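Here the structure is laid out as structure tokens; the discussion comes afterwards.
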Amino acid sequence: MVIDIIDLTDDAYADLTGVQLAMVNAAQVRKNAILAAAAEQKQELFLSLLARNAVRSSAYEAQADKIDVDAQAEIDVVKEDLLYQIAYDNSLTQGNESGVYRYPENPNYQLSYPQRFLAVREYYMNVTSDATARLQAYAMDTLARTYLGEYYQTLYELLASYC
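Numbering of the sequence shown is given in my numbering, commencing with residue 7 and proceeding in unit increments.
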């Protein structure tokens with residue numbers, strides 16, 4: 007999938023966290039859906055005017071332009087929401103008096119449970135490439151049990167599926 011909802015350099019994309027990348031992907035999917043719906047509306051309009059032998063009239067161009075403007079307005083809302091989410095997430099990941107937020111040294115308890123799940127999963131996926139050792143390390147992690155709550159078992163099953 008081509009990511010064009012926001013313009014970032016390769017270095018800026020590399021600095022995004024897993025949660026932020028998920029936000030960008032979700033926003034891109036929404037943008038693609040908006041564009042697809044606009045294209046479908048324009049196709050329906052064209053076929054409707056074709057059935058009435060009015061395709062060459064200025065009505066098609068005017069309505070198509072309106073559809074494009076409405077779609078762009080929706081995309082702008084999605085983009086602004088994404089930029090706000092990334093800025094808010096950056097403010098949560100900066101750290102506290104104990105230092106930069108990073109699991110397991112200084113976990114961020116302001117994150118939602120799904121975001122905590124992603125942070126812990128990303129940590130364990132980067133610890134080692136050996137799936138069995140990764141699962142054993144996770145099973146011995148007492149912090150993860152309290153930090154993830156009900157998501158602990160879900161991540162355990164995910165890591166076990168790699169073995």
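All residues carry an ideal CB built from backbone N, CA and C; glycine is no exception.
Since we're looking at a predicted model, the values are computed, not measured.
Quiz item: CA-CA distance, Leu124 and Phe52?
Solution: 45 Å
Self-check item: For Arg127, three-class secondary structure by DSSP
Solution: helix
Quiz item: What is the DSSP secondary structure of Asn38, reduced to helix, strand or coil?
Solution: helix
Exercise. Specify, as a first and last residue, the run of the alpha helix (DSSP H) that Ser5 falls within.
Key: Since the first residue of the chain shown is 7 and the last is 169, residue 5 is not available in this structure.
Exercise. Identify, in the order they occur along the chain, each residue of the same chain with its Cβ nearer than 8 Å to the Cβ of Cys169, setting aside the five sequence neighbours on each side.
Key: Ala137, Thr138, Leu141
Exercise. Determine the DSSP secondary structure at Asn132, reduced to helix, strand or coil.
Key: helix
Quiz item: Roughly how many angstroms lie between the CA atoms of Asp76 and Leu154, to the nearest whole one?
Solution: 41 Å
Practice problem: Taking the CB atoms as reference points, tell me whether Gly24 and Arg108 lie closer together than 9 Å. | Solution: no
Quiz item: Under the three-state reduction of DSSP, which class applies to Asn114: helix, strand or coil?
Solution: coil
Quiz item: What residue from Arg151, Ser54, Leu89, Ala166 has the CA that sits closest to Met131's CA?
Solution: Ala166
Quiz item: Where do the N-terminal and C-terminal ends of the alpha helix (DSSP H) with Glu156 fall, by residue?
Solution: Premise fails: Glu156 is in no alpha helix (DSSP H) and is neither H nor E.
Practice problem: Classify Met29 as buried or exposed, calling it buried when 16 or more other Cβ atoms lie within 10 Å of its own Cβ. | Solution: buried
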